[in-house]
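Undergrad: Protein chains in written order, with the numbering used here: chain A, 5 to 216; chain B, -6 to 3.
Ideal Cβ positions, reconstructed from N, Cα and C, are used throughout, including at glycine.
All figures in this text were calculated on a predicted structure; none of them were measured in a lab.
Questions regarding the structure given below will be posed in turn.
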Amino acid sequence: MNVFRLSGDVSHLLAILILLMKIWKTRSCAGISGKSQILFALVYTTRYLDLFTSFISPYNTAMKVFFIASSYATIYLIYLKFKATYDRNHDTFRMEFLVLPVLVLAFVVNHDFTPLEILWTFSIYLESVAILPQLFMVSKTGQAETITSHYLFALGMYRALYIVNWVYRYYFEGFYDLIAIIAGVVQTVLYCDFFYLYVTKVLKGKQLTLPA
Amino acid sequence: ADADVAHDEL
């Protein structure tokens, strides 16, 4: 565990808390893509099946349990508790366009052809593109609430910090995982356009709006 | 090395 990895995890935790707080405090999930949240729940569920097979540390276990539980809690808030506020007309990205190609890729490019390893690989690939329905929704409506942009920024920073962590681990531990690195870079690149808008608009006190 | 990757990250 190095400082970049820890900061990445904290950023990830913060993103989830920001999202849950936003929905809970405003009693509304307007502007939030339920589809991205379903994909994230699928990501955590398929990746953390190793909770049953290997123990790494209390920290590791606690974080995994939190990520799984919070992702289902978010889905509950969007699709049940506050479903009247869910903006389904703007959440039109087709999940199967992401899930199916990623599933095929996980079967073809993996470290080991075993059920758990293929599911882990699937979750890594899926995570890299799971935010697309949310970004698609923002681009469709042309705007995002400031709190939603804070959520997206924290979520993007999480994988960006993981990249720094991988560089660190490569140099100091000789460790690298090409599947995680390539997927992580793809994931981070998807946020670049958003990062630019966040820095030039949201940090200057303006709402995030896209040029028409 | 890339072989035998242990998934110790989240």
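Cβ atoms of glycine 160/A and phenylalanine 198/A: under 9 angstroms apart, would you say?
TA: Yes. Within cutoff.
Undergrad: Rounding to the nearest angstrom, what Cα-Cα distance links leucine 46/A and methionine 141/A in this structure?
TA: So the alpha carbons of these two residues sit roughly 20 angstroms apart.
Undergrad: Considering only their Cβ atoms, is the gap separating asparagine 114/A from phenylalanine 8/A smaller than 9 angstroms?
TA: Against a cut-off of 9 angstroms, the Cβ pair of asparagine 114/A and phenylalanine 8/A comes out as no contact.
Undergrad: From the DSSP secondary-structure annotation, give me the bridge partner or partners of glutamine 191/A.
TA: Note: glutamine 191/A sits in no beta bridge, so no partner.
Undergrad: Based on the DSSP secondary-structure assignment, which residues constitute the bridge partners of alanine 148/A?
TA: According to DSSP, which records beta bridges pairwise, alanine 148/A is partnered with Leu212/A.
Undergrad: Tell me whether threonine 118/A sits in a helix, a strand or coil according to DSSP, three-state version.
TA: The answer is coil: DSSP assigns threonine 118/A none of H, G, I, E or B.
Undergrad: Closest Cβ-Cβ distance between arginine 163/A and chain B: below 9 angstroms?
TA: False, the Cβ-Cβ gap to chain B never drops below 9 angstroms.
Undergrad: Would you kindly check if the distance between the Cβ of leucine 214/A and the Cβ of tyrosine 202/A is under 9 angstroms?
TA: Cβ distance not < 9 angstroms, so tyrosine 202/A and leucine 214/A don't count as in contact.
Undergrad: Taking C-alpha atoms, which residue in Asp181/A, Ala187/A, Leu81/A, Phe44/A lies nearest to leucine 109/A?
TA: Of the candidates Asp181/A, Ala187/A, Leu81/A, Phe44/A, the one whose C-alpha sits nearest the C-alpha of leucine 109/A is Ala187/A.
Undergrad: Going along the chain, which residues of its own chain have a beta-carbon closer than 8 angstroms to the beta-carbon of isoleucine 227/A, five neighbours each way excluded?
TA: What the structure shows of chain A is the stretch from 5 to 216, and residue 227/A is not part of that stretch, so it cannot be assessed.
Undergrad: Thinking leucine 3/A and leucine 139/A are a contact (beta carbons under 8 angstroms), I'd like their distance in whole angstroms, please.
TA: The structure shown does not extend to residue 3/A, since chain A is modelled only from 5 through 216, so no value can be given for it.
Undergrad: So, is lysine 26/A buried or exposed, given that buried needs 16 or more other C-beta atoms within 10 angstroms?
TA: Buried: at least 16 other Cβ atoms inside 10 Å.
Undergrad: For phenylalanine 111/A, which residues from the same chain have a beta carbon less than 7 angstroms from its beta carbon, with the 5 sequence-adjacent residues on both sides left out?
TA: The answer, listed in chain order, is Ile122.
Undergrad: So, is alanine -6/B buried or exposed, given that buried needs 16 or more other C-beta atoms within 10 angstroms?
TA: Any answer about alanine -6/B is weak, because its pLDDT of 41 lies below 50 and its placement is not dependable; what the coordinates show is given next. Exposed.
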